[in-house]
Each structure stands twice: as structure tokens, then as C-alpha cells.
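Trainee: Mind having a look at this structure? Questions to follow.
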Amino acid sequence: MRTEEKEEGEGEEQQWPSSRSAHEVLLIVLPYLHSLFELLSMTGVSRSLRDAIRDETALWTKIVVEPPLSSRLTDDILWEITSKSSGKLNTLILRQCLRITDKGLRRVVDANPLIRKIIVPGCTELTPEGIIGCVESLANVETLHINGVHRFTKDHLSALSTYLPHEGAIDVEVCPKCNQVMMIPSCSRASCNRGRRQERKCRGCWFCVSRCMECSLCLGSDTDIQEAACGGDSLCLECWLVLPKCRFCNKPYCTSHSSLRHDIATNDPSAQPMFECEACHYRAGTNPYDAFDYQI
1 MRTEEKEEGE GEEQQWPSSR SAHEVLLIVL PYLHSLFELL SMTGVSRSLR
51 DAIRDETALW TKIVVEPPLS SRLTDDILWE ITSKSSGKLN TLILRQCLRI
101 TDKGLRRVVD ANPLIRKIIV PGCTELTPEG IIGCVESLAN VETLHINGVH
151 RFTKDHLSAL STYLPHEGAI DVEVCPKCNQ VMMIPSCSRA SCNRGRRQER
201 KCRGCWFCVS RCMECSLCLG SDTDIQEAAC GGDSLCLECW LVLPKCRFCN
251 KPYCTSHSSL RHDIATNDPS AQPMFECEAC HYRAGTNPYD AFDYQI
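FYI, in the UniProt record's numbering the residues of the sequence shown are 1 to 296.
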């Protein structure tokens, strides 16, 4: 009798995984998707999955738009996307969305009073006054990233600080060297981290202090400086050694400019990925080995 019950139980246990449809499994994965691009890609799997994604409010409480979708996002499209959250949007991340205006952002903010994070780096159509108005209308903004939004002044930062009292909530500050509102990275050099942050000699924006584009290390006279393929950017030796390099000029791209690489397809799956930097790619023409000519 027990043997029969055990066999029946084992049979049910074996059938359980197959009883779940592929869509049910995909629905479990959906909350872990990183960006809007990934979420929209899933809507193309089937009509039923598309409808499930559209109707699931929890999937739309965090909107992350980054390249390649950034250049296509408009105020109207942003409104349509954020409306799916039914007013429960809490995180809005728009990276390099050049067509988003103050009017479009304010419309979304007014309809979603629960927003706690506004991250809009490189959204050049936004203005300081527009962002201040959005933050002022919200009650619990914890994070505001505005690096790349132009025309911010010390007065604008002072106004924002009244609504964002937590230190580090804003990603920009006044550079002590040029007195401009810029992003001031933290230096990774051990000797620079011993004293107070406000007293560090290398404390300054990217324009005032030469830094490694990969790790933000300040590049002093005692640092072995290497050239990157990004065009004028520098790297410390440690970062230069580990980054993949152009097969012709042997220069690497930093991670933030890795999208500029021209990858070279290979039929060997075990071979390491190869690429050409932009300079070598355009100089090469029809014969890739012509890229060596400009180095002579």
C-alpha cells in the first residue's frame, strides 16, 4: 500500500514541472529584467505573453530606458509607458534620452507621486528649473542623478538640497577648482582616501583633475599613464593591461566607450573576441592591414 502511494507521489512529482507552461516560467523571470528594451523584447514572444506583460502593473513600477531605445523615446511614448504602472511608478531611469523635455517629465511626475528615484544623466533637453519643479512636487525623492543636464548653478543645487537632505542624494556638486557644478568622482588611490573627502588634493571634476577613465584614479607624475582608443582619454597601467585591445594599434576602449568597437566575426568559438578601434577601422579601407600605414 505504501509502495503504491509512494509511486503515485513520485509520478505526481515528476509531472509537476511539465505541468507548468513556458509562459508561466517566463512570468517568473520578468521582474528580473533590467531595462525597458528587455521587457519589450519579451512582448514579441507571443500574444498571450504580451497581454500578461501589459496588464501586470508590478512590471512597470521601475522604468529603465537606455541606449539603443534612448534616441527614440519622446514625451508621448514616455507617458504611454509609465501609464502602465497605474500611478505606482517608483523609479524612473532615463539615460541619454535627448528628446525628453521638462513638460514630458513633469507630466509623468504629477501622475506618479510615489517616485523615489529620478535618474536622468545626459538628458540635455531638461532644464534645472524643470527638474527642481519635479522634485519639489514629490514628497520622498531619495536619489537624483542629473549629470549631463546643462546650466546647473550653485543656486540650483542649493534649492535642491532643501528637498534632498541626504548626503550623496545628488550626483553632482560644486567643483572646488573651477567652481562649476560637475560630477566629482571618488579617487581610488589609497593615499587619497586617508583624509577627509573635502580636503583631498585630487578632489575635482574630470576637467580639472586628470583621471583614469576606467577606475577614476588621479593620474599624477608617479603614475604610468597609457593612452586609450577613446580619443584623448587616459588609463592607468592596471586598467590598460586588463582591457581588450584593438588588434592593430593595441589600444583599449574604456568600458563607457566600448560600444565604439568594431567587432570582428570569427568562426572559431574558442577564439578570444577581436575588434578594431574606430581610427583603425576607418583608416583600413578595404584592406585591414593598411591600418598599420599611419603608424610608420
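Even for Gly, the Cβ is constructed at its ideal location relative to N, Cα and C. Please read these numbers as outputs of a predicted model, since none were measured by experiment.
Quick one: any contact between the segment 41-52 and the segment 96-115, if contact means 3 or more CB pairs under 8 Å?
Mentor: Segments in contact, no.
Trainee: Between the segment 275-282 and the segment 68-84, do at least 3 Cβ pairs fall closer than 8 Å?
Mentor: No, the segment 275-282 does not touch the segment 68-84.
Trainee: Counting contacts by CB-CB distance shorter than 8 Å, is L49 in contact with chain C?
Mentor: The structure shown has no chain C; it contains just one protein chain.
Trainee: Could you name the residues of the same chain whose beta carbon sits closer than 7 Å to that of L69, not counting the 5 residues immediately before and after it, in chain order?
Mentor: Reading the sequence shown from its first residue, position 69 is the one you call residue 69. So the qualifying residues of the chain are L36, F37.
Trainee: Under three-state DSSP, which class holds S145?
Mentor: Walking along the sequence shown from the start, residue 145 turns up at place 145. Ser is not the amino acid found at residue 145; the sequence shown has His there. H145 falls in the strand class under three-state DSSP.
Trainee: Cα separation between I118 and V65?
Mentor: Residue 118 sits at position 118 when you count from the first residue of the sequence shown. Residue 65 sits at position 65 when you count from the first residue of the sequence shown. Whole-angstrom Cα-Cα distance: 12 Å.
Trainee: Sorted by chain position, which residues of the same chain lie with C-beta nearer than 7 Å to residue 308's C-beta, five sequence neighbours on each side aside?
Mentor: Residue 308 lies beyond the residue range present for the chain, which begins at 1 and ends at 296; the question has no answer from this structure.
Trainee: From H262, H257, S256, C254, pick the residue whose C-alpha is nearest to that of R247; which is it?
Mentor: Within the sequence shown, the letter at position 247 stands for residue 247. It is H262 whose Cα lies nearest to the Cα of R247.
Trainee: Which residues does DSSP list as the beta-bridge partners of F275?
Mentor: Here residue 275 refers to the residue found at position 275 of the sequence shown. BP columns for F275 point to D263.
Trainee: When the Cα of residue 315 is compared with those of L78, W206, L164, which residue comes out closest?
Mentor: Any property of residue 315 remains undetermined from this structure, which presents the chain solely from 1 to 296.
Trainee: Note down, in chain order, each residue of its chain lying with its Cβ closer than 6 Å to the Cβ of L33, except the 5 sequence neighbours on either side.
Mentor: Working through the sequence shown from its first residue, we reach residue 33 at position 33. L39, listed in sequence order.
Trainee: Which residue wins for smallest C-alpha separation from L126, given the options E167, D75, L138, S210?
Mentor: Here residue 126 corresponds to residue number 126 of the sequence shown, with the count starting at 1. Looking at the Cα atoms, D75 is the closest of the given residues.
Trainee: At the level of alpha carbons, what is the spacing between C187 and L144?
Mentor: As a first step, residue 187 is located in the sequence shown; it is residue number 187 there, counting from the start. As a first step, residue 144 is located in the sequence shown; it is residue number 144 there, counting from the start. So the alpha carbons of these two residues sit roughly 21 Å apart.
Trainee: Please look up how many angstroms separate the CB atoms of E214 and L243, rounded, as I've assumed it's under 8 Å.
Mentor: Residue numbering aside, residue 214 sits at position 214 when the sequence shown is read from its first letter. Residue numbering aside, residue 243 sits at position 243 when the sequence shown is read from its first letter. So it is a contact: roughly 7 Å between Cβ atoms.
Trainee: If you draw a straight line from the alpha carbon of N140 to that of K201, how long is it in whole angstroms?
Mentor: As a working note, residue 140 is residue 140 in the sequence shown. As a working note, residue 201 is residue 201 in the sequence shown. Approximately 35 Å between the Cα atoms of the pair.
Trainee: Does E227 come out as helix, strand or coil in the three-state DSSP assignment?
Mentor: For the purposes of this step, residue 227 is identified with residue 227 of the sequence shown, where counting begins at 1. Note: E227 maps to strand in three-state DSSP.
Trainee: Just reading off the alpha helix (DSSP H) that S161 is part of, what are its end residues?
Mentor: As a first step, residue 161 must be located in the sequence shown, where it is residue number 161. Looking at the DSSP string, the run of the alpha helix (DSSP H) that includes S161 is 154-161.
Trainee: For Q15, name the three-state secondary structure that DSSP assigns.
Mentor: For this step, residue 15 is matched to residue 15 along the sequence shown. The pLDDT assigned to Q15 is 44, lower than 50, so where the model puts this residue is not dependable, and the model offers no usable value.
Trainee: Less than 8 Å between the C-beta atoms of I63 and L89, yes or no?
Mentor: Taking the first residue of the sequence shown as position 1, residue 63 is located at position 63. Taking the first residue of the sequence shown as position 1, residue 89 is located at position 89. Yes, the pair counts as a contact, with Cβ atoms nearer than the cut-off.
Trainee: Should G9 go down as buried or exposed, given a rule of 16 or more other Cβ atoms within 10 Å for buried?
Mentor: Taking the first residue of the sequence shown as position 1, residue 9 is located at position 9. For G9, the predicted structure reports a pLDDT of 48, less than 50, and the residue's modelled location is therefore unreliable. A value from the coordinates is still provided. Answer is exposed; the Cβ neighbour count stays below 16.
Trainee: My understanding is that G168 touches G148, with C-beta atoms under 8 Å, so please give their C-beta distance in whole angstroms.
Mentor: Within the sequence shown, residue 168 is the residue found at index 168, counting from 1. Within the sequence shown, residue 148 is the residue found at index 148, counting from 1. No, G168 and G148 are not in contact; Cβ-Cβ is about 18 Å, not under 8 Å.
Trainee: By DSSP, does S234 sit in helix, in strand, or in coil?
Mentor: In the sequence shown, the residue the question calls residue 234 occupies position 234. Reduced to three states, the DSSP call for S234 is strand.
Trainee: Take P165 as the anchor and find which of V135, T266, D222 has the nearest alpha-carbon.
Mentor: Along the sequence shown, one-based indexing puts residue 165 at 165. Minimum Cα distance to P165 is reached at V135.
Trainee: Can you check whether the CB of I132 is closer than 8 Å to the CB of H156?
Mentor: Within the sequence shown, numbered from 1, the residue matching residue 156 stands at position 156. Within the sequence shown, numbered from 1, the residue matching residue 132 stands at position 132. Going by C-beta atoms, H156 is nearer than 8 Å to I132.
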